[in-house]
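Next up, the structure:
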């Protein structure tokens, strides 16, 4: 189905009937009914004071796989039900290696040591007195999109792209703290360690720390326990596991520390049997969230195609959408403000004619990098990998309006 | 206490001891202890899949007054505990006139009628097919800041400025829907009506609808019940009650409809006994949230002063902070991106010398309007009003570090 060359929405378009939305003319429907909820007092204010979603909504994170033990698990964000760019804290994806510790913030300590002039121990009370910043950024697990070897027509976007969320993170810039302790000239890497039972630990080159935050708040409130309460490292644009949760220790060194999570795990196996190590950056990627797997179109007519695009290298500069399996592409509208290393919502009006359609998106970032096709991705990296899949993704609309995943 | 002319944070400032943060040198503290939560597996992923804050946090909306009946109540946002600019949905302030209705979205209808070419009834399924937008905006009740006649040294910023929140709102631009129904040339006002038991109803001139959204989502997910689920009108920059929740009806007319909520309520009584009517816009305003009433400074030294600024007329262009009761002012840093009709976080490093300090802020917006002093505000409007108080506000730091409200 070729994309329509004319505006799909506009004056008279709905009521003229051409686009088939079922909204009725008032005369045909009769007067507006007065529903029961308009005839009786509603409930009072929420108690105990922290609100929850409507019981008519089915908003929940979804466990990904059956974990080997309860503490090594992940859950994903239901993007098929979400709008805009912010992920509510209750729906932010999770990935734990040793469970979620219950940390008393009054007892928590952060130590900074190693190749520094003045090693330091800080309480949370100390830390919140430093100058702070707030920034909107996405966070994506490098294991998001499990499409290297497998596919499943029943997958929803929560299954394929749910290890991705976006929030406003507030905390102290790591650079501010490093200034305080005085990094020695020979230091070039740091180790970050979590206070969880896994002592989750990663090495990072100092050159990769642009914009790093010692974060104590997300979307205005204190970090959630599953996001590292009371303190996490947040590294914009880099694979999620580097943003060490429950941060207790930073050590400066002159080389990588070669921890378990960067030797046996979180490397990318190439076709020749070698492994890419320290693949930090999440490259440009996008996905259509409406319509997407599990959705059902009710009738032919006007719809809005909508999705998310992001890049670990900066701003998204363009997203193109195809409804004919890649034969032709049209530019989507990007929701302003388009922020660096943040989810960007894109949208395109679409008229569904009732026939089959294959809907895809591809993103380009400010470096000029464009999200690759699956074919190009596999040609470069083979199919041995677990992490860093960012190929173009598709949703098949069948003649009856059902929507299913296709590889 | 005059503001410090020199940078308050910088290389060596903490460990040199001059600013007195209690973070300890590593040698003095001994090795980092291994806490109990590092020695045992944490809990598994959250169940049933919608997460909640840490039990160590006391995050809750606060009922404002004892209501005449349960459905006519309000709760306020705890800005003294928040960071950044986003308000989590669970903490967004509430104001209800007839309680919170439990609306089945499948049964909800929106009718548009009156001076239109094609009156229309829409379901929620219809509405989400229209082109949509997402925008970050504050919402403030015109009754926020109850300072015209009263003051109370025990007030926190939740008491004084808690009928203020900020979220990313997603929905259909009202202009898009009005294009569909065809507004007749003689129409100049509209009526918006809620489906709650109060049938909350307000008139709005079409000239005041710039950026108006038929919103079905906040911060990514479906509207919360107390914010109008499944549909509200959202009017950026205008007093909160105009953003009709549980929106069921829009009627176009050629004059204001003179509803109860714009005749007996939501007007401003002036010194001469007349009342200002249709005072829609929330003028520029700001408040320091850290430190603020109820906080306790532990010791002299370096702190960050932080707060929120906003204007219903556009972007905030500057915020100045005084720590000497208005004798001198210094410009604060505004967190980017500074968005139109959105909360803007401002910050300023501060060194507390241990003596008394009176901390205030004043905001200026892109129209050049500057938040007035209380004296200037009362000179213009007297003290008969209930709504639209936007005077400069202060917090008194006592010699012992306790922080209290002052008028």
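Chains as they are written, first to last, in my numbering: chain A, 1 to 407; chain B, 1001 to 1407.
Glycine is no exception: its CB is placed at the ideal position from the N, C-alpha and C atoms.
Predicted model only: the values in this text are computed from it and were never measured.
Quiz item: In chain B, which residues lie with their C-beta within 9 angstroms of the C-beta of residue 62(A)?
Solution: Locating residue 62(A) in the first chain gives position 62, counting from the first residue. For residue 62(A), the neighbours in chain B by C-beta distance under 9 angstroms run, in chain order, 1049.
Quiz prompt | Inter-residue Cα distance where the pair is residue 179(A) and residue 1308(B) | solution = Taking the first residue of the first chain as 1, we reach residue 179(A) at position 179. Taking the first residue of the second chain as 1, we reach residue 1308(B) at position 308. If you draw a straight line from the Cα of residue 179(A) to the Cα of residue 1308(B), it comes to about 28 angstroms.
Quiz item: On the three-state DSSP scale, how would you describe residue 1179(B)?
Solution: Here the question's residue 1179(B) lines up with position 179 in the second chain. In this structure, residue 1179(B) counts as helix in the three-state DSSP scheme.
Quiz item: In chain order, which continuous runs of the alpha helix (DSSP H) of length 4 or greater are located wholly inside the region 166-225 of chain A?
Solution: Here the runs fully enclosed are 174-181.
Quiz prompt | chain B residues whose Cβ lies nearer than 9 angstroms to that of residue 210(A) | solution = Here residue 210(A) is taken as the residue at index 210 of the first chain, counted from 1. Neighbourhood of residue 210(A) in chain B, by CB distance below 9 angstroms: empty, with the nearest CB roughly 16 angstroms away.
Quiz item: Residues of chain B with a CB under 7 angstroms from the CB of residue 104(A): which are they?
Solution: On the first chain, residue 104(A) is found 104 positions in, with the first residue counted as 1. Taking the beta carbon of residue 104(A) as reference, the chain B residues within 7 angstroms of it are 1056, listed in sequence order.
Quiz item: When Cβ atoms are compared, which residues of the region 82-105 of chain A fall closer than 8 angstroms to chain B?
Solution: Flagged, chain order: 82, 83, 84, 85, 86, 87, 88, 89, 90, 91, 92, 94, 96, 98, 99, 100, 101, 102, 103, 104 and 105.
Quiz item: What are the boundary residues of the beta strand (DSSP E) that residue 360(A) is part of?
Solution: Taking the first chain and counting its residues from 1, one reaches residue 360(A) at position 360. Here the beta strand (DSSP E) through residue 360(A) covers 357-365.
Practice problem: Verify the CB distance criterion: does residue 387(A) have a CB-CB separation below 9 angstroms to chain B? | Solution: Position 387 of the first chain, counted from the first residue, corresponds to residue 387(A). At a cut-off of 9 angstroms, the C-beta of residue 387(A) has no neighbouring C-beta in chain B.
Quiz prompt | Any alpha helix (DSSP H) of 4 or more consecutive residues that is wholly inside the region 309-356 of chain A | solution = Qualifying alpha helix (DSSP H) stretches: none in this window.
Quiz item: Is residue 1139(B) helix, strand or coil by DSSP?
Solution: Numbered from its first residue, the second chain carries residue 1139(B) at position 139. Strand.
Exercise. Could you check the C-alpha separation between residue 5(A) and residue 1258(B) for me, to the nearest Å?
Key: Here residue 5(A) is taken as the residue at index 5 of the first chain, counted from 1. Here residue 1258(B) is taken as the residue at index 258 of the second chain, counted from 1. Low per-residue confidence applies at residue 5(A): pLDDT is 30, beneath 50, and the placement is therefore not dependable, though the value from the model is reported in the following sentence. Take the alpha-carbon of residue 5(A) and the one of residue 1258(B): they are about 46 angstroms apart.
Practice problem: Any chance you could list the beta strand (DSSP E) runs of at least 3 consecutive residues sitting entirely within the region 1379-1406 of chain B, in chain order? | Solution: List check, beta strand (DSSP E) in window: 1393-1397 and 1403-1406.
Quiz item: For the alpha helix (DSSP H) that residue 127(A) lies in, which residues bound it at each end?
Solution: Residue 127(A) sits at position 127 when you count from the first residue of the first chain. Residue range 124-127 is occupied by the alpha helix (DSSP H) that includes residue 127(A).
Self-check item: Selection of the region 1109-1121 of chain B by Cβ proximity to chain A, strictly under 7 angstroms
Solution: Under the 7 angstroms Cβ criterion, the region 1109-1121 of chain B contributes 1109, 1111, 1113, 1118, 1119, 1120 and 1121.
Practice problem: Could you tell me which residues DSSP pairs with residue 1159(B) in its beta bridges? | Solution: Looking up residue 1159(B) in the second chain gives position 159. Bridge partners of residue 1159(B): none, in fact.
Exercise. Quick one: which unbroken beta strand (DSSP E) runs of 3-plus residues sit fully inside the region 42-89 of chain A? Chain order, please.
Key: Counting only runs of 3 or more, we get 73-76.
Quiz item: Between which two residues does the beta strand (DSSP E) containing residue 1111(B) stretch?
Solution: Working through the second chain from its first residue, we reach residue 1111(B) at position 111. Here the beta strand (DSSP E) through residue 1111(B) covers 1109-1114.
Exercise. Check the Cβ of residue 201(A) against every Cβ in chain D and list those closer than 9 angstroms, keeping chain order.
Key: In the structure shown, chain D cannot be found, because the protein chains are A and B.
Quiz item: In the region 1212-1240 of chain B, which residues sit with their C-beta less than 9 angstroms from some C-beta in chain A, listed in chain order?
Solution: Result list: 1216, 1217, 1218, 1219, 1220, 1221, 1222, 1223, 1224, 1225, 1226, 1227, 1229 and 1230.
Quiz prompt | Range covered by the beta strand (DSSP E) that runs through residue 240(A) | solution = Indexing the first chain from 1 puts residue 240(A) at position 240. For residue 240(A), no beta strand (DSSP E) encloses it, and the DSSP letter there is neither H nor E.
Quiz item: Hey, residue 292(A) and residue 80(A) are a contact pair by Cβ (cut 8 angstroms); roughly how many whole angstroms apart?
Solution: The residue given as residue 292(A) occupies position 292 in the first chain. The residue given as residue 80(A) occupies position 80 in the first chain. Confirmed, Cβ separation roughly 5 angstroms.
Quiz prompt | DSSP-derived helix/strand/coil call for residue 1133(B) | solution = Stepping through the second chain from its first residue, residue 1133(B) is reached at position 133. Strand, per DSSP.
Exercise. Quickly, what does DSSP pair residue 1164(B) with across the bridge? List them, please.
Key: By 1-based counting over the second chain, the position of residue 1164(B) is 164. Looking at the DSSP assignment, residue 1164(B) forms a beta bridge with 1140(B).
Practice problem: Kindly list the residues whose CB is nearer than 8 angstroms to the CB of residue 184(A), restricted to its own chain and excluding five residues on each side of it in sequence; keep chain order. | Solution: Along the first chain, read from residue 1 onward, the residue named residue 184(A) stands at position 184. Within the same chain, residue 184(A) has close Cβ partners 115, 116, 117 and 252.
Practice problem: Put residue 1306(B) into one of helix, strand or coil per three-state DSSP. | Solution: For the purposes of this step, residue 1306(B) is taken as residue 306 along the second chain, with counting starting at 1. Residue 1306(B) sits in a strand when the DSSP states are folded into three classes.
Quiz item: Closest to residue 1128(B) by CA distance: which of 1165(B), 1085(B), 1172(B) and 1088(B) is it?
Solution: Translated into the one-based positions of the second chain, residue 1128(B) becomes position 128. Comparing Cα positions, the closest option is 1172(B).
Quiz item: Helix or strand or just coil, what does DSSP make of residue 377(A)?
Solution: Reading the first chain from its first residue, position 377 is the one you call residue 377(A). In this structure, DSSP gives residue 377(A) a helical state, which the three-state scheme calls helix.
Quiz item: Excluding sequence positions up to five away, which residues of its chain have a Cβ less than 6 angstroms from the Cβ of residue 1141(B)?
Solution: Sequence index remark: in the second chain, residue 1141(B) carries index 141 (1-based). Hits under 6 angstroms: 1095, 1163 and 1240.
Exercise. Taking the CB atoms as reference points, tell me whether residue 51(A) and residue 1062(B) lie closer together than 9 angstroms.
Key: For this step, residue 51(A) is matched to residue 51 along the first chain. For this step, residue 1062(B) is matched to residue 62 along the second chain. Their beta carbons are not under 9 angstroms apart, which means residue 51(A) does not touch residue 1062(B) by this criterion.
Practice problem: Please classify residue 193(A): is it buried, with 16 or more other beta-carbons within 10 angstroms of its beta-carbon, or exposed? | Solution: For the purposes of this step, residue 193(A) is identified with residue 193 of the first chain, where counting begins at 1. By the neighbour-count criterion, in which a residue is buried when 16 or more other Cβ atoms sit within 10 angstroms of its Cβ, residue 193(A) is buried.
Quiz prompt | Interface flag, residue 1125(B) vs chain A, CB-CB below 9 angstroms | solution = Numbered from 1 along the second chain, position 125 holds the residue referred to as residue 1125(B). Output row for residue 1125(B): interface = yes.
Quiz prompt | Neighbour flag for residue 169(A) against chain B, beta carbons, 9 angstroms | solution = Looking up residue 169(A) in the first chain gives position 169. Closer than 9 angstroms to the CB of residue 169(A) there is at least one CB belonging to chain B.
Practice problem: For chain A, find out if any of its Cβ atoms is closer than 9 angstroms to the Cβ of residue 1052(B); answer yes or no. | Solution: For the purposes of this step, residue 1052(B) is taken as the residue at position 52 of the second chain. Interface residue, yes.
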